[in-house]
Ligand code: ATR
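Numbering (my numbering), first residue to last: 48 to 322.
Here is the structure:
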C-alpha cells in the first residue's frame, strides 16, 4: 500500500496550531488519506526545513507566524494573491524541486465575512488597523469585495503608506496616523489586523470609531481577540467577530488547491467553536 501524502504546517511556535486538526477533518470528510504534521522551525532553520520536507516528498505546506514572508521569498513561483500580500501561507511543490507560493488569507477572510456572517461589504467605509502581512491580504480582499473606502492606520505610518502606494487607488484608499484615531469619526466596518493581541497586548482604541451599525472583525481568534471584541461590543458594534472562521476558510482554500475539492467548512468550524 502506498504511503498517504504528507502535509505539514510550519511555524514557531506551532504546537497549538489548529491546522492539523482542520486538515484532518477535511480529509476525513472527503475520503482522502493524508498525514498532516506541525513542524516547529526557528527562522534560521525554516528554509532548510521546508526544502527537506519537500525533498522527502511533502505534498503541501501551510505556513504560519513568523514565516509567511520567508515562505514568499524562498518560492520560485508566486500567485497574484501572494504577490499582493508579499507573504505566503501555502507552499506547493512544482516539478524539478521548485516551489509555488500562494496566499489564501484574503479569500478566507472574505468567505468568512460574507458567507458565514452574511456581511455585505459593498459600499462600506472600512477601517483597517495594521499594515503587516495579515493586513495586506485583508486590504486587497476588502477592495476586491467592493468597499467604498479603505482607511489604513498603522502604528508605524510608513508601512501603511507603503501598502497604500502598492495598492495604488488614491481615491479609495487613505492612510491616517494612529495618534489621530480619536479624530477620525466612525466607520461601519473595522478590522483589527495588528498582532497586538497575539503578542499579549491591548490596543486602547477610542470608542468613537464604532458607527451605530458597525461590524468589527479581529483577524485573530481565541484569547488574542478577546480585547478587541470586548472593545467593539462595549462601543456598541452591531457585530463583533473573531477570526476563527477565517482560519477555517483559509485552510479550506488551501485544501481545495491541493486536493481539487472544497470541503464543507461549517461542521469543522462548529466543532472548533465548541472547543
Ligand atoms: P502579521 O503577519 O500578523 O500581520 P506582522 O507582519 O508582524 O504580523 O504585522 C504586525 C502588525 O501589527 C503591524 O502592523 C504592527 O505594527 P507596526 O508596523 O507598527 O509594527 C502591528 N502591531 C503589533 N503590535 C502592535 C501594538 N501593540 N499596537 C499597534 N499595532 C501593533
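Virtual Cβ for every residue (Gly too), placed ideally from N, Cα, C.
As the structure is a prediction and not an experimental result, all values here were calculated from the model.
With DSSP collapsed to three states, give me the class of residue i.
i: residue 53; result: strand
i: residue 313; result: helix
i: residue 223; result: strand
Hey, would you say the C-beta of residue i is under 6 Å away from at least one heavy atom of the ligand ATR?
i: residue 344; result: What the structure shows of the chain is the stretch from 48 to 322, and residue 344 is not part of that stretch, so it cannot be assessed.
i: residue 201; result: yes
i: residue 179; result: yes
i: residue 206; result: yes
i: residue 274; result: no
i: residue 290; result: no
i: residue 248; result: yes
In the DSSP assignment, the alpha helix (DSSP H) including residue i goes from what residue to what residue?
i: residue 300; result: 291-306
i: residue 205; result: 204-214
What are the boundary residues of the beta strand (DSSP E) that includes residue i?
i: residue 140; result: 137-140
i: residue 198; result: 196-201
i: residue 258; result: 257-265
i: residue 121; result: No beta strand (DSSP E) holds residue 121; the alpha helix (DSSP H) holding it covers 115-121.
i: residue 82; result: 81-87
Out of the options, point me to the one whose CA is closest to residue i's CA.
i: residue 219; options: 175, 243, 310; result: 175
i: residue 231; options: 216, 270, 222; result: 222
i: residue 161; options: 224, 296, 79; result: 296
i: residue 167; options: 305, 320, 286; result: 286
i: residue 181; options: 128, 307, 249; result: 128
i: residue 183; options: 199, 141, 195, 172; result: 199
i: residue 322; options: 302, 294, 269, 250; result: 269
Do the segment 91-98 and the segment 128-136 meet, that is, are 3 or more Cβ pairs less than 8 Å apart?
Too few Cβ pairs lie closer than 8 Å, so no.
Spell out a yes or no on whether the segment 282-290 and the segment 154-166 are touching, meaning 3 or more CB-CB pairs, one atom from each, closer than 8 Å.
Yes: the two stretches touch, three or more of their Cβ pairs being nearer than 8 Å.
Using a Cβ distance threshold of 8 Å, determine whether the segment 269-286 contacts the segment 50-57, with at least three qualifying pairs required.
The answer is no - the segment 50-57 does not touch the segment 269-286, with fewer than three Cβ pairs under 8 Å.
Is it true that the segment 113-131 meets the segment 258-267, where meeting means three or more beta-carbon pairs spaced less than 8 Å apart?
By the Cβ criterion, the segment 113-131 is not in contact with the segment 258-267, since fewer than three pairs of Cβ atoms, one from each stretch, lie closer than 8 Å.
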